[in-house]
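Right, one structure below, let's go through it.
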Amino acid sequence: MSADNIILIGFMGSGKSAVGRKLARDMNYRFADTDQIIEETEGMKIKDIFEKHGEEHFRDLETELLKSLLEKTRRTVLSTGGGMPVREENAGLLRSMGKVFYLKTSKETIIGRLHGDESRPLLKGNLDEKAERLLKSREPIYERAADITINTDGKTIDEIINEIKMHIRRD
Ligand code: S3P
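Residue numbers for the sequence shown follow this note's numbering, so the first one is 899 and each next one is one higher.
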């Protein structure tokens, strides 16, 4: 049975945290962000976790966190790190926690937002090339993991929130 949470997935820079925080406020839900919780529990920035312990370790932390959130999370908007649904196991856990929304964003928008950002280890170097390659491999994964896809390009945070609410009311 799916719990009453709202889960946001999507690529880095797709607005999951900004949309999630405001949506939670609007709906009187709690807000949680998996990247933020991992940074707090590990006492380290994600960039440093990747550097010191590698990506696999970070992915293990993500899976562990989802398992620990599963039972206790209710009426929460959960914003997830961009790689969260890549592991099949995580995608299943997310679906069992609530309705999963994919915030779909074009490469151009992502690049515009993340230009000059130093906090995302997977985009270090040539942003355009890296984003293109990763987005291509991730898009089908996001589509598959989501209950609903929301195209976010050219939309304001409030417009995106209204679309999400419309889907929630409908079901
Ligand atoms: C990642 C996305 C990041 C963060 C980490 C890895 C990814 O989260 O979890 O850098 O694999 O796409 P945001 O989507 O919040 O940037």
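Even glycine gets a Cβ: it sits at the ideal position worked out from N, Cα and C.
For I1059 against L921, the beta-carbon gap comes to about 5 Å, under 8 Å, which counts as contact. Counting along the chain, the unbroken alpha helix (DSSP H) around G918 starts and ends at 914 to 925. As a beta-bridge residue in DSSP terms, S977 pairs with L906, D931. Assigned with DSSP and collapsed to three states, T939 falls in helix. Assigned with DSSP and collapsed to three states, G996 falls in strand.
Within the model, the alpha-carbon separation for K1034 versus F999 is close to 19 Å.
Counting along the chain, the unbroken beta strand (DSSP E) around N1049 starts and ends at 1046 to 1049.
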